[in-house]
Amino acid sequence: MSGRERASGGSRYLYDSFDAAAARIEANERVAEERWSALEYRLTQIDGALERLERRIWLCGHRQGH
1286 MSGRERASGG SRYLYDSFDA AAARIEANER VAEERWSALE YRLTQIDGAL
1336 ERLERRIWLC GHRQGH
């Protein structure tokens, strides 16, 4: 067993080293994933709106005999 072994009980945070850089990277990755998901959602919404607009323009053009 290593010299850093803890006695029974107590918080692991008192004994385990905290890697702030790794935690920051993980947090940034989670934020990036959420932003990407939000971007994909908005692009899907925009794509649907464009399809509806194209359909309306197409229908208006055919009603006028063009």
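Numbering (this note's numbering), first residue to last: 1286 to 1351. Glycine included, every Cβ here is placed at the ideal spot set by N, Cα and C. From a predicted model like this one, the values you see are computed outputs, not experimental measurements.
C-alpha gap between residue i and residue j, whole angstroms
{"i": "Glu1325", "j": "Trp1343", "result": "27 angstroms"}
{"i": "Arg1348", "j": "Leu1338", "result": "15 angstroms"}
{"i": "Asp1332", "j": "Arg1315", "result": "26 angstroms"}
{"i": "Trp1321", "j": "Asp1304", "result": "26 angstroms"}
{"i": "Glu1336", "j": "Ala1317", "result": "28 angstroms"}
{"i": "Arg1327", "j": "Glu1319", "result": "12 angstroms"}
{"i": "Arg1340", "j": "Asn1313", "result": "40 angstroms"}
{"i": "Glu1311", "j": "Ala1334", "result": "35 angstroms"}
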